[in-house]
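Chain order of the listed sequences is A and B.
Going left to right, the first sequence walks through residues 34 to 162 as the numbering used here numbers them.
Going left to right, the second sequence walks through residues 53 to 434 as the numbering used here numbers them.
Where a beta carbon is used, it is the ideal one built from N, C-alpha and C, also for glycine.
As the structure is a computational prediction, the values presented were derived from the model and not from experiment.
To start, the structure under review is shown below, and the notes come after it.
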Amino acid sequence: MNIPNGLFYTKEHEWVKIDGDIGTVGITDYAQHALGDVTFVELPKTGIVVKQFQGLATIESVKAASDIFSPVSGKILEVNSKVENTPALINQTCYQDGWIAKIKIKDRSETNNLMDAAAYKKFAEGLGE
Amino acid sequence: MPQKAAHRPILFRPGVDNMETVTTLKNTPLLSEHVSLAAKMAPFAGWIMPIQYEGIIAETLYTRRAVTCFDICHMGEFIIRGDHKRSNLDKIVSGRIDNLGVGCCRYSSILNEYGGVIDDLIVYRKAIDEWMIVVNAATIEKDKKHFLKHLSGDADLKDISDTIGKIDLQGPLSREILKTVAPGAVGLNYYTFIETDILGEKNIVSRTGYTGELGFELYASVDKIKAVWKKLLSDKRVKPAGLGARDVLRLEMGYSLYGQDIDEETSPLEAGLEKFLDFSKDFIGKKALVEQKKTGLKRNRVFFKTLSRRSPRHNYKIITNGKESGIVTSGSFSPHIECGIGMGFTPSPLPIGQNIVVGDGTLKIEAVTCDKPFVKNTSIKK
């Protein structure tokens, strides 16, 4: 299971990479593997404001539809329209080209509610896969 | 804000979810093979089954393009000995079997007295008075009860489900691959079978399947089935496929899945399966169906595709002319036509080409009714 260092993780298997006051968000390797082939992504609109752990996007795989929650609060600056046309990017490169949205972070201290790579690794391994 | 997805729990986490069921799940004789192939396993019909290996989309595409094999050991098999009339088998099975030739098989169903589907199945005529009935895994026990209740004293039923395994070999290259495993079966016509040598064991190969492609179902004893699986996969043209791909493939053909598209509350008339019934004979459930025909059907089968990559899902509502009018029974993404596909029931029959909406709560997906199969010109009868 690929869990890069330097990112923050949620229990719902989203990641956020923090760069100044901008957070890039996606789903983890565990999540993409568990979902299977991603067939559709509904992205949020840029400019809207999301809250930590609230709905950010919807991802559909062959078997199911699932919500993606935002790891941080803030305003959506940019979305990755590439995954709309090529949803498989989320399976192939979930930490790179398969990112979902960039968020202008409102409160850096929210990362206290998230896990670092080591903690997430322990958490995900505890789930049995 | 994005629309909220209808179904939240998605990830089956082995060891965490469904703990109670996990402890009672059955394993097929091929479990160790699936583990060594790193399959994603999940519970299905009381069994722990491979859902996917490489990926559902890749396996689905490869089945229609080349050839795959599926572990279908979970399904049930009964051997019934007896004359079809004197045994009452003719009454229990809703379709015509009296004219079924020895070595031929036929898709059919067993119904309750209200015309609801107890199970759909395939009847194999092994000899004039010997039959093999292949049933769904989840329904083995209730099917057996139903047969035993209605079979006459002249008949004998043996449940061989636990001693026999089955592998489905499906795809345009399947006949080519069969040459090395069961050469005696390569000449089979559609919906016929032969008892032939399969790697040194005499067992059944039938030209049947659930994918809509040229394909064969290979039966073997639970001791032999692993050797058959390994031999098939030793040919690099063959890839394993899981139940995920099997579900997409069958839905692309518009085939019903028992427990989802049809059940004891569904009549075969509603489900669009009338052509498999024989109204010229007496069968259990016939009276109710004749009555349904007279009074009109409460529900009608509808097939549709979405106008996007969004997939309909089981239990989504169908909205026609702004009104909630029906329910989705099966839905998926079709990798072959690259849109969502589904089937369901609506109170009135809908013409082909009608715009509908499927969804749940705030989720609304535009779709259009269509004919089945969704994927045409397959290799099934080649």
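Residue 97/B has no beta-bridge partner at all, per DSSP.
With a 10 Å radius around the Cβ and a threshold of 16 neighbouring Cβ atoms, residue 407/B comes out exposed. In the displayed model, residue 395/B falls within a strand according to three-state DSSP. The stretch 226-238 of chain B and the stretch 87-96 of chain B do not touch, with fewer than three beta-carbon pairs separated by less than 8 angstroms.
Annotated as distal: residue 272/B and residue 229/B, with beta-carbon spacing of 9 angstroms or more. About 4 angstroms separates the beta carbons of residue 49/A and residue 56/A, which is inside the 8 angstroms limit, making them a contact pair.
Only residues of its own chain outside the window of five on either side were considered, and among them 169, 308, 313, 314, 353 have a CB closer than 8 angstroms to the CB of residue 323/B, listed in chain order. For residue 381/B, the secondary structure class from DSSP, reduced to helix, strand or coil, is strand. For residue 338/B, the uninterrupted alpha helix (DSSP H) run begins and ends at 338-347, by DSSP. Beyond the five residues adjoining it in sequence on each side, residue 65/A comes within less than 8 angstroms, by CB distance, of 71, 123, 124, 127, 131 in the same chain, given in chain order. In this structure, DSSP gives residue 411/B an extended state, which the three-state scheme calls strand.
Under the three-state reduction of DSSP, residue 97/A is assigned to coil, being neither helix nor strand. Within chain A, the C-beta atoms nearer than 7 angstroms to that of residue 384/B come from 95, in chain order. Annotated three-state conformation of residue 282/B is helix, per DSSP.
By the neighbour-count definition (other C-beta atoms within 10 Å, threshold 16), residue 286/B is an exposed residue. With respect to the 9 angstroms criterion, residue 146/A and residue 73/A are not classified as neighbours on the basis of their beta carbons. With at least 16 other beta carbons inside 10 angstroms of its own, residue 80/B counts as buried. When CB distances to chain B are screened at a threshold of 7 angstroms, the residues of the stretch 62-77 of chain A falling below it are 67, 68, 69, 70, 72, 73, 75, 77, in chain order. Pairing residue 350/B with residue 425/B, the inter-Cα distance amounts to about 24 angstroms. Counted as a single uninterrupted DSSP element, the beta strand (DSSP E) harbouring residue 255/B occupies residues 253-258. Contact check for residue 92/A against residue 111/A fails: the beta carbons are separated by 9 angstroms or more.
In the DSSP assignment, residue 154/B forms no beta bridge with any residue. Residue burial is scored here from C-beta neighbours: residue 342/B has fewer than 16 other C-beta atoms within 10 angstroms and is therefore classed as exposed. Here residue 102/B is buried, its C-beta having at least 16 other C-beta atoms within 10 Å.
Here residue 177/B carries a strand assignment [DSSP, helix/strand/coil]. With a threshold of 9 angstroms between beta carbons, residue 120/A makes contact with chain B. Within 10 angstroms of the beta-carbon of residue 81/A lie fewer than 16 other beta-carbons, which makes it exposed.
CA-to-CA, the gap between residue 84/A and residue 414/B works out to about 20 angstroms. Around residue 142/B, the same chain offers 136, 149, 150, 333 as residues with beta carbons nearer than 7 angstroms, after the five sequence neighbours per side are excluded. Residues of the stretch 277-296 of chain B with a Cβ closer than 9 angstroms to any Cβ of chain A, in chain order: 296. Identification of chain A residues near residue 117/B by a Cβ-Cβ cut-off of 7 angstroms yields none; the smallest Cβ-Cβ distance measures about 16 angstroms. The DSSP-derived three-state label of residue 39/A is coil. Burial check for residue 208/B: the Cβ neighbour count within 10 Å stays below 16, so the residue is exposed.
Per DSSP, reduced to three states, the secondary structure at residue 230/B is helical.
In this structure the stretch 362-371 of chain B touches the stretch 394-413 of chain B; the number of beta carbon pairs closer than 8 angstroms is three or more. Across the stretch 94-111 of chain B, CB contacts with chain A closer than 9 angstroms involve 103, 104, 107, 108, 109, 110, in sequence order along the chain.
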